[in-house]
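Protein chains in written order, with my numbering: chain A, 55 to 231; chain B, 18 to 284.
Backbone N, C-alpha and C define an ideal beta-carbon position, used for all residues, glycine too.
The structure presented is a predicted model; accordingly, all values stated were derived computationally and were not measured.
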């Protein structure tokens, strides 16, 4: 039960930060702390443990960001599946080849997030021409860099939380013969 | 593909299909009570977060600007000397400005019933699409109402209303279209460009528009009264089909740094 409360609390706080703190400090190109949270959490918890949480987080994020319901859910589903796909084939972690894999996943997540959002929000065909513009490409690259930096902090934070709240709760079972 | 991978793929595709269908259907009315309830829980935290973030930003801005102060001080001393001589000339322009204001019917604040509202959240995608304010239907706010800042500069209009909060669609939102006119009387429509700026479109070829002209709301066909300032023309060029003129308009507002806005409740 405490795990659920902590998960919901962290998701809630990330959404508050994403709608208040980050737009003020990063008015043009805003990193996505909720997206990085989902990515880091999936790496730590795995597909099966985090699949439903990613849907819940996406739903909360859609409600808070006033997006079409399902937009962020779809983005997070892609993130969770990508992580699972790469985890089966490579060692995903913060050292060696794992760092390159993580950088690739951050890049893919950023791209998928923007692509899904543009596809859902754009209703005018003329506006699709802005996607190919230099401004948009620079936007994606800078957002990838910001997300990468943010990911490091989010990953470290989640590892600390897991260590403090979950590993510490494990009880040893002594079997007396 | 082993059994585990296969089951993951099935779960992923099933969820993707389900929520993709939901996105296409977009049952807005069905989710409206959930948005209302979630907003009710979220807004108090957003208020605290927003105020704290603005305060933190102001502190960091102060420290980062210290290095610039010496340079700016020297620059200002030079400018002061120039300005003193211009001051006398500008007194004449002041009289002309008063006459123009009467002609343009710029908004005096005492003409409108204004409700002050704090901004509690912004578009998290950073596209300059919307802001959320802490006034809703309980305070008499309704859809379509104009939102301004204190000097009569248009920020946007109310798009959605809940009991305790409202969503303001900004002028820089691509879905926003505002009937406008320039200080020279040329009429057109201002549209947003993904938070990158504003475009004054559909100006007749026979109308004169030039760089430096002010753009204000014309008050035609909407709840937005005439005379709210939108911005200044930075660039003029023909539209893609060459039937009209277009202009790039720059707003004086920095939305991300705003704290308080005003909802125009009536004329």
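Handout entry: Proximal chain A residues relative to residue 72/B, where beta-carbon distance stays under 8 Å
Key = Listed along the chain, the chain A residues whose CB falls inside 8 Å of the CB of residue 72/B amount to none; the nearest CB is some 10 Å away.
Handout entry: Beta-carbon separation (whole angstroms), residue 181/B vs residue 151/B, contact threshold 8 Å
Key = 7 Å
Handout entry: Straight-line gap, residue 99/A to residue 216/A (C-alpha atoms, nearest Å)
Key = 10 Å
Handout entry: residue 76/B at chain A interface by Cβ criterion, 8 Å
Key = no
Exercise for the section: Please say whether residue 226/B and residue 195/B have beta carbons closer to each other than 8 Å? Expected result: no
Problem - C-alpha distance - residue 237/A paired with residue 74/B, whole-angstrom precision - result: This structure gives no information on residue 237/A, because the portion of chain A shown stretches from 55 to 231.
Practice task
From the DSSP output, in three-state form, read off residue 124/A for me.
Solution key: Of the three classes helix, strand and coil, the one that applies to residue 124/A here is coil, per DSSP.
Exercise for the section: Please report how far the alpha carbon of residue 138/B lies from the alpha carbon of residue 67/B, in whole angstroms. Expected result: 7 Å
Practice task
In the DSSP assignment, find the unbroken alpha helix (DSSP H) run with residue 112/A in it and report its ends.
Solution key: 101–119
Handout entry: Contact residues within the stretch 110–124 of chain A, judged by C-beta distance below 9 Å to chain B
Key = 112, 113, 114, 115, 116, 117, 118, 119, 120, 121, 122, 123 and 124
Exercise for the section: Give a yes or no on whether the minimum CB-CB distance between residue 71/A and chain B is below 8 Å. Expected result: Chain B, which has a Cβ nearer than 8 Å to the Cβ of residue 71/A, makes this yes.
Handout entry: Min CB distance residue 62/A to chain B below 8 Å
Key = no
Exercise for the section: Output, in chain order, the set of chain B residues within a Cβ distance shorter than 7 Å of residue 101/A. Expected result: 25
Handout entry: When 214/A, 204/A, 213/A and 92/A are compared against residue 80/A, the one with the closest alpha-carbon
Key = 204/A
Exercise for the section: Run the CB neighbour count on residue 271/B, radius 10 Å, all protein chains shown included, and call it buried at 16 or more, exposed below. Expected result: exposed
Handout entry: Where residue 248/B sits in the DSSP three-state scheme
Key = strand
Practice task
May I ask you to report which of helix, strand or coil DSSP gives residue 63/A?
Solution key: Residue state, collapsed to three classes: helix.
Handout entry: Segment limits, beta strand (DSSP E) that includes residue 184/B
Key = 183–187
Problem - Between the CA atoms of residue 82/B and residue 100/B - distance to the nearest angstrom - result: 24 Å
Problem - Secondary structure of residue 135/B, DSSP reduced to three states - result: Secondary structure of residue 135/B (DSSP, three-state): strand.
Handout entry: Proximity test, residue 172/B beta-carbon vs the ligand SAH heavy atom, cut-off 7 Å
Key = With respect to small molecules bound, the structure shown includes none, and the ligand SAH cannot be examined in it.
Problem - residue 199/B versus residue 161/B: straight-line alpha-carbon distance, rounded - result: 23 Å
Problem - For residue 93/A and residue 177/B, the rounded distance between their alpha carbons - result: Note on geometry: alpha-carbon atoms of residue 177/B and residue 93/A lie some 32 Å from one another.
Problem - Closer than 8 Å to chain B by CB, residue 163/A - result: no
Practice task
Could you check which residue in 156/A, 157/A, 102/A and 90/A has the C-alpha nearest to that of residue 126/A?
Solution key: 90/A
Practice task
Label residue 105/B either buried or exposed according to how many other C-beta atoms from any shown protein chain fall within 10 Å of its C-beta, with 16 as the threshold for buried.
Solution key: Residue confidence for residue 105/B is low, a pLDDT of 47 falling below 50, so the modelled location carries little weight; the figure read from the coordinates is stated next. Exposed is the call here.
Problem - Counted within 10 angstroms of its Cβ, other Cβ atoms place residue 189/A as buried (16 or more) or exposed - result: exposed
Problem - Against chain A: residues of the stretch 126–143 of chain B by CB proximity under 7 Å - result: 138, 139, 140, 141, 142 and 143
Problem - Neighbour flag for residue 246/B against chain A, beta carbons, 8 Å - result: no
Practice task
Check whether the Cβ atoms of residue 6/A and residue 111/A lie closer than 8 Å to each other.
Solution key: This structure does not reach residue 6/A, given that chain A is present from 55 up to 231, and the question cannot be answered.
Practice task
Please decide whether residue 141/A counts as near chain B, where near means a Cβ-Cβ distance under 8 Å.
Solution key: no
Exercise for the section: Report the option in 43/B, 275/B and 237/B whose CA atom is closest to the CA atom of residue 206/B. Expected result: 237/B
Exercise for the section: Using a Cβ-Cβ cut-off of less than 7 Å, give me the residues of the stretch 49–73 of chain B that come near chain A, in sequence order. Expected result: 51, 52, 55, 59, 62, 63, 66, 67, 70 and 71
Practice task
Check whether the Cβ atoms of residue 159/A and residue 129/A lie closer than 8 Å to each other.
Solution key: Between residue 159/A and residue 129/A, the CB-CB gap reaches or exceeds 8 Å.
Practice task
In angstroms with no decimal places, state the Cα-to-Cα distance between residue 174/A and residue 40/B.
Solution key: Looking at the two C-alpha atoms, the distance is approximately 8 Å.
Exercise for the section: Run down chain B in chain order and give the residues with a C-beta less than 8 Å from the C-beta of residue 131/A. Expected result: Contact annotation for residue 131/A against chain B: 29, 32, 33 and 36 [CB-CB distance below 8 Å, chain order].
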